[in-house]
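Everything on this sheet refers to the single structure shown next.
Residue numbers (the UniProt record's numbering), protein chains in the order written: chain U, 1 to 648; chain L, 1 to 648.
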């Protein structure tokens, strides 16, 4: 039965065939796919058709967004930014000191880190709501990763220098990712990963605070729950009740203000001011009761003056280079993920656009500058940015206000923190961390997507029982495994005709769909790649075998045509094409005929190049399932007396 | 403009809506997806509705396929298998000795490995054409990986024991993968990877033979081309011309027979017998000319007798455990990939079915048994199996014949190999390897799929200039990167109406497609996952922005409806749902309306659970693009005087 002997009614009628797209030169298609991969947002669009001088200004504005919005800045904006800036300063000072303690670094570094980096970000950042500062998770990571190699108490200077160097590497990594437009790497930290990871990190950070709350002198360097609990309960005789009582009181106060502000969003400033209030109250209490002599540890002396330069302290040649680079890379990526997620969320609220790659460059430059001026890793923490947003900030000027206020503190007010009890700092950290454990999000994940829930729980358990890195590796591997599994085990479905229509849909989803006698329609829902070629070959052969058996047992018209709906096969590789060739052979051997429906342009091109189209015959490729069914039905009924099985 | 005020003509007519599938209990959907992942071939199908005794027999036959075909074995089959078995023995003996030398193991191991493993495979294997034996690539890998830790010349016994242990681990891994039904891991070695990897390994193996051909005593242990070339050219004074001349003559003879047999497939036996002929000729030549005293190295004494047991030589407690396990895992996977690919190819020729997981168990058991009987890693080499197939084998009995012939050799004929020159073995290896360099396949890859070509070249360069493992890691990473990139950067396309039809297709592929005024139709061609959620959000917003700008500049009807064709979105996760929510908000903010078309059942279920369906309104979900366009057009024309943009 030569194909040429037949007229194809439905395809002849409408005259639209699946055309083979004209082959493009290689460099052109390469350029196109590179552009879509690295420049999906088309950042040079606005540069088109502009005179050179304008292009230069646009270019400057691209890298320094402040040049774009500063000319339009008004006094009204400044009033709003001033209030927001002062509010976040009141949060930044105690948080900065607390997180620096968490990172086992001198407390003053927390203040330094709230001075230089916000200024850099104000120039280069494109978010209007992000408030720059240190974050708990990155601080903890620095402590646990560097602490494995160098003891911060025994070699404080070496540890400090390694922390600067790690910050430098983090900055270089962030800027490089931005310049190379590899921002999408951050996308591999899925929402579920971040929920689980943050909750795990918050749990770990809270556990670490038991040291401060219980006034312990010695404490484990490990972060997992087993080591911490062992460390806490092996030295019950060292617990200080004075410290514990003070800590619990402040924690209760902080939680109360948080709860109140959450119920009445207008009074956001109550919870924003609570940390500074706690610090002041705690310091006064210690000052008047001399509690520092009764087991309540205090911050002690803080050096006056602005950030000393630290460029010469960056050490690249030491034996610790590997661990420093590893720390820089992991903390850099985590900080990036948090900062970009926060920036994006607020930009969405206010309906403006943030360029992820530009933000990365800003974060990178801010950390490189920070590492040279005695700062450690900074990003855009959620808590501080949320306060900034609630306080009504308009532009990044609120960061400049904060930096100025911190500068004044550094120059004149550091002695005031001498009597601040460490236990208050622990309370501040715990109250901030409890807000990061988002169990409602975990419940939502469970309800909507079980696999995402597993990823989330994997990250949590990994962080809490292993370490922060283990949790991260588990979550990212599970996420990638999901993508690979999707491709390795694509869904295939048999299609039927929806009554009174030309539409063909899956029998499983639409039980009303009708079978077409003698024709079996199959749809593949994924690209055909090496990873699924073997599976698809076996699965298609099983579909056909089962259908033939079923028809035989019910005594219906035997199968004569297999229609493969390729509409959703977005891509194919050479393993996939071999698979199709084998499927074709297999179908021929059973005495059936194969027809393809609606292959995309890329698939069409490859099928043509690999001669598969010649093999199957281009007249067996249809635009729609309905057309293919029409043509097959026509052939079925024309030669009813002699079934295709025998003539082929 | 409340949605409830409107009647939806086209959807009301046909009465088919996209239904939300009834929610299944969790364990049921878990069971279903686990089954589809691990048991896509449904191996228990034949066990259904059978009495227990029959089930027992079927179960035995499942693990020992010989029980299934042995009762039907005839004398006709045996005649064919006998001829095939003798033919492959003549290839197996010289190849076995050569490859054992390649692995730096005693030559006799090559014979041992052609005795026990084929017997095990004949019981358990399901391929009728596979001939079991050692392979060059795995031998080379064993030499290079174990050789890094232990020098085979200085500590031959330790090296031998480590090789047995590595074989044991390889067997355990193979059997475990089969039992856990993780066979699809092998699928991640794509066709392109294997082409590049095999060519690279063949190049490296040929380079290693320069030692034998040039009669060198000392040789580098590295496998990369730079080290080998340096090793060869720094000792030009050690080159032995006698050896080189002999080697070139035999190589020429072997290539000639190969060429002849390729041209005349009927005379396949000429090339099959050529290696044994070379060995006999070479040995006679050395015996009569006493060339062993003139720089031609010979095999020397081979111990008579069958495989000695080696169970007690397996060493699990030594300091080399890590490297042994690594060697076992890598060689095990490579051997598996080759064996299964070979088995599948011949099964396709003869149109019978091979169960990959069952084959893995067979390979695993054969190597575990081998490691206890002084064999090293075996699999189904392509060359030997092809000869087996050409010689007309019918069942695995040809393996039993080969094992018997090798047994006879071991018992009585080993002294005959005393004078076999090593250079002949080198020629045999080179001539076998040259057949593995499939440059035509590489050209085909370049023509059809550039990325596959890059994977192939990456594997080749990695193997030749780095090491076998580096090449493998490069190729697998590139392949996985491709899958991840496909998901991270899915194709989106704007659709238009194909004239005179209800069909909507991409403008890029079908330039005849027509725009619908006021409506923009967009299709997403991949699952919506965390990895692409951010990209898709930006890309969709850019599509809409560009379309609005275009319409503004041409002065056409402004945009009012966005139709998102979800037919190809096979799956969605929580990040994807958040993305859709944001897209919806963005579209609302622009004063437009969003309609979804044809979401699959899984997507529908998740959209419902996450309340997105409530948010968008289920009446905005259509079965086909045509229906959605019909409904939008109806609304557009009903309220033409008051554009939707203002009423919403």
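Heads up, the beta-carbon is just placed ideally off N, CA and C, and yes, glycines get one too.
Burial state of residue i, where buried means 16 or more other Cβ atoms lie within 10 Å
{"i": "residue 23 of chain U", "result": "exposed"}
{"i": "residue 530 of chain L", "result": "buried"}
{"i": "residue 241 of chain L", "result": "exposed"}
{"i": "residue 261 of chain U", "result": "buried"}
{"i": "residue 248 of chain L", "result": "exposed"}
{"i": "residue 320 of chain U", "result": "buried"}
{"i": "residue 649 of chain L", "result": "Outside the displayed span of chain L (1 to 648) sits residue 649 of chain L, for which this structure offers no information."}
{"i": "residue 45 of chain L", "result": "exposed"}
{"i": "residue 191 of chain L", "result": "buried"}
Chain U within 8 Å of residue i, Cβ atoms only
{"i": "residue 566 of chain L", "result": "no"}
{"i": "residue 502 of chain L", "result": "yes"}
{"i": "residue 361 of chain L", "result": "no"}
{"i": "residue 236 of chain L", "result": "no"}
{"i": "residue 521 of chain L", "result": "no"}
{"i": "residue 476 of chain L", "result": "no"}
{"i": "residue 485 of chain L", "result": "yes"}
{"i": "residue 577 of chain L", "result": "yes"}
{"i": "residue 76 of chain L", "result": "no"}
{"i": "residue 618 of chain L", "result": "no"}
{"i": "residue 447 of chain L", "result": "yes"}
{"i": "residue 174 of chain L", "result": "no"}
{"i": "residue 508 of chain L", "result": "yes"}
Cutoff 8 Å: residue i Cβ touching any chain L Cβ
{"i": "residue 514 of chain U", "result": "no"}
{"i": "residue 37 of chain U", "result": "yes"}
{"i": "residue 128 of chain U", "result": "no"}
{"i": "residue 480 of chain U", "result": "yes"}
{"i": "residue 43 of chain U", "result": "no"}
{"i": "residue 191 of chain U", "result": "yes"}
{"i": "residue 538 of chain U", "result": "yes"}
{"i": "residue 399 of chain U", "result": "no"}
{"i": "residue 589 of chain U", "result": "yes"}
{"i": "residue 82 of chain U", "result": "no"}
{"i": "residue 384 of chain U", "result": "no"}
CB contact flag (residue i, residue j, <8 Å)
{"i": "residue 385 of chain L", "j": "residue 346 of chain L", "result": "yes"}
{"i": "residue 562 of chain U", "j": "residue 613 of chain U", "result": "no"}
{"i": "residue 475 of chain U", "j": "residue 89 of chain U", "result": "no"}
{"i": "residue 378 of chain U", "j": "residue 142 of chain U", "result": "no"}
{"i": "residue 436 of chain L", "j": "residue 199 of chain L", "result": "yes"}
{"i": "residue 603 of chain U", "j": "residue 483 of chain L", "result": "no"}
{"i": "residue 365 of chain U", "j": "residue 502 of chain L", "result": "no"}
{"i": "residue 188 of chain U", "j": "residue 467 of chain U", "result": "no"}
{"i": "residue 36 of chain L", "j": "residue 542 of chain U", "result": "no"}
Best match in the options for proximity to residue i [C-alpha to C-alpha]
{"i": "residue 251 of chain U", "options": "U/206, U/217 and U/230", "result": "U/206"}
{"i": "residue 267 of chain U", "options": "U/391, U/503, U/74 and U/75", "result": "U/391"}
{"i": "residue 429 of chain L", "options": "L/591, L/208 and L/123", "result": "L/208"}
{"i": "residue 121 of chain U", "options": "U/397, U/471 and U/527", "result": "U/397"}
{"i": "residue 420 of chain U", "options": "U/243, U/576 and U/271", "result": "U/243"}
{"i": "residue 362 of chain L", "options": "L/332, L/21, L/387 and L/492", "result": "L/332"}
{"i": "residue 496 of chain L", "options": "L/281, L/629 and L/291", "result": "L/629"}
{"i": "residue 324 of chain U", "options": "U/144, U/26 and U/552", "result": "U/144"}
Ranges of the alpha helix (DSSP H) found wholly within the segment 192 to 251 of chain U, counting only runs of at least 4: Runs of the alpha helix (DSSP H) inside the segment 192 to 251 of chain U: 210 to 213 and 225 to 233.
Going along the chain, which unbroken runs of the beta strand (DSSP E) with 3 or more residues stay wholly within the segment 533 to 566 of chain U? 561 to 565
Jot down the residue ranges of each uninterrupted alpha helix (DSSP H) in the segment 284 to 371 of chain L, minimum 4 residues, whole runs only, in chain order. 321 to 350 and 356 to 371
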